[in-house]
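To start, the structure under review is shown below, and the notes come after it.
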Amino acid sequence: MQDRKPVQSWLTDMDGVLVHEGQPVPGAPEFVKRLRASGKPFLVLTNNSIYTPRDLQARLVRMGLDVPEEAIWSSALATAQFLADQRPGGTAYVIGEAGLTTALHAVGYVLTDFAPDYVVLGETRTYSFEAITKAVRLINDGARFICTNPDVTGPSVEGALPAAGSVAAMISKATGVEPYFVGKPNPMMMRSALNTIEAHSESTAMIGDRMDTDILCGLEAGLETILVLTGISTRVEAERYPYRPSRIVDSVADLIDEI
Numbered sequence: 105m106q107d108r109k110p111v112q113s114w115l116t117d118m119d120g121v122l123v124h125e126g127q128p129v130p131g132a133p134e135f136v137k138r139l140r141a142s143g144k145p146f147l148v149l150t151n152n153s154i155y156t157p158r159d160l161q162a163r164l165v166r167m168g169l170d171v172p173e174e175a176i177w178s179s180a181l182a183t184a185q186f187l188a189d190q191r192p193g194g195t196a197y198v199i200g201e202a203g204l205t206t207a208l209h210a211v212g213y214v215l216t217d218f219a220p221d222y223v224v225l226g227e228t229r230t231y232s233f234e235a236i237t238k239a240v241r242l243i244n245d246g247a248r249f250i251c252t253n254p255d256v257t258g259p260s261v262e263g264a265l266p267a268a269g270s271v272a273a274m275i276s277k278a279t280g281v282e283p284y285f286v287g288k289p290n291p292m293m294m295r296s297a298l299n300t301i302e303a304h305s306e307s308t309a310m311i312g313d314r315m316d317t318d319i320l321c322g323l324e325a326g327l328e329t330i331l332v333l334t335g336i337s338t339r340v341e342a343e344r345y346p347y348r349p350s351r352i353v354d355s356v357a358d359l360i361d362e363i
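Each residue of the sequence shown is one higher than the one before, counting from 105 in our numbering.
And the structure:
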């Protein structure tokens, strides 16, 4: 990662980097404020497809993080863009929430359970056995299988929750068909984010708290990668992976003076 160009654009994960357990990470509001003042392109990334960018903006504002709606990039948006590129004006049977259905409607997709081009699985807190059964039958009938993100669990106050990756595994077991995952660690997520802000990989940094998603995704997309220790991964755990981030810092507070 030597001889890289100076960072002109920033990508950052949300949970574990800017917020943690419903609270802003110390220094995160100042980090976002500095980013906005700098005029440099940036996006806040999340694999969570439940919420629309407007929903997420409101959530962040309540925590003192003034992130514009257009600076939020979710796996739902990346999935919608991917499908619009692959099959413009297509049809999909969707298991998910407003974040996913709104994104697909915005790119001109029709949501239907009648011979859809795709079955699209996203995050939801109310997975329905009836909906999963419908997805299995549609895939068996020839629908292509897409999943917004491979996360097998998600956080909650009470503990881990099964996430899209776990439900995808169930559908795959029933159909023998593996989904195409659009979200991290697929570098497709990073490429779509870069295209959205017209940034270049050689002058963009990715900040994340997970070695297995954020750092891997950024690495494979050719970005500078910065691991923060305010979320999942620790310094000790980072050493166990066969790849390394460009650097490790305690939190985004350590990056404010670089912007």
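Backbone N, C-alpha and C define an ideal beta-carbon position, used for all residues, glycine too. Keep in mind it's a predicted model, so treat the numbers as computed, not measured.
Inset, instruction - Mind checking which residues open and close the beta strand (DSSP E) that includes glycine 269? - result: Taken as a continuous stretch (DSSP letters only), glycine 269 belongs to no beta strand (DSSP E), being part of the alpha helix (DSSP H) at 268-279.
Inset, instruction - Report the three-state DSSP secondary structure of arginine 248 (helix, strand or coil). - result: strand
Inset, instruction - Give me the Cα-Cα distance between threonine 257 and valine 286, rounded to the nearest whole angstrom. - result: 17 Å
Inset, instruction - Identify, in the order they occur along the chain, each residue of the same chain with its Cβ nearer than 8 Å to the Cβ of serine 142, setting aside the five sequence neighbours on each side. - result: Ile363
Inset, instruction - Compare the C-alpha of threonine 228 against each of Gly212, Cys251 and Thr216 and name the closest. - result: Cys251
Inset, instruction - Evaluate arginine 351 with the Cβ neighbour count: other Cβ atoms within 10 Å of its Cβ, from every protein chain shown; 16 or more gives buried, anything less gives exposed. - result: exposed
Legend entry - Extent of the continuous alpha helix (DSSP H) to which valine 148 belongs: Counting along the chain, valine 148 falls outside any alpha helix (DSSP H), though it belongs to the beta strand (DSSP E) covering 146-150.
Legend entry - Contacts around glycine 194, its chain only, beta-carbon distance under 7 Å, and the 5 residues preceding and following it disregarded: Leu187, Tyr213, Asp221 and Tyr222
Inset, instruction - State buried or exposed for asparagine 244, treating a residue as buried only when at least 16 other CB atoms are found within 10 Å of its CB. - result: exposed
Legend entry - Start-to-end residues for the alpha helix (DSSP H) that takes in aspartate 189: 179-190
Legend entry - Straight-line Cα distance separating valine 123 from valine 353: 16 Å
Inset, instruction - Might you give, ordered along the chain, the residues of its own chain that have their beta carbon closer than 6 Å to the beta carbon of proline 254, omitting 5 neighbours on each side? - result: Gly269 and Phe285
Inset, instruction - Go through its chain and collect everything with a Cβ distance to isoleucine 336's Cβ below 7 Å, but skip five positions before and after it. - result: Gly120, Asp313 and Arg314
Legend entry - Unbroken alpha helix (DSSP H) run spanning aspartate 117, endpoints: Element bounds for aspartate 117: not the alpha helix (DSSP H) but the beta strand (DSSP E), 113-117.
Inset, instruction - Rounded to whole angstroms, what's the CA-CA distance from asparagine 290 to alanine 273? Just pull it up for me. - result: 17 Å
Legend entry - Residue range of the alpha helix (DSSP H) that includes valine 165: 157-166
Legend entry - Limits of the unbroken beta strand (DSSP E) element including glycine 312: 308-312
Legend entry - Simplified DSSP assignment, three categories, for glycine 324: The residue you asked about is not glycine; residue 324 is glutamate in the sequence shown. Reduced to three states, the DSSP call for glutamate 324 is helix.
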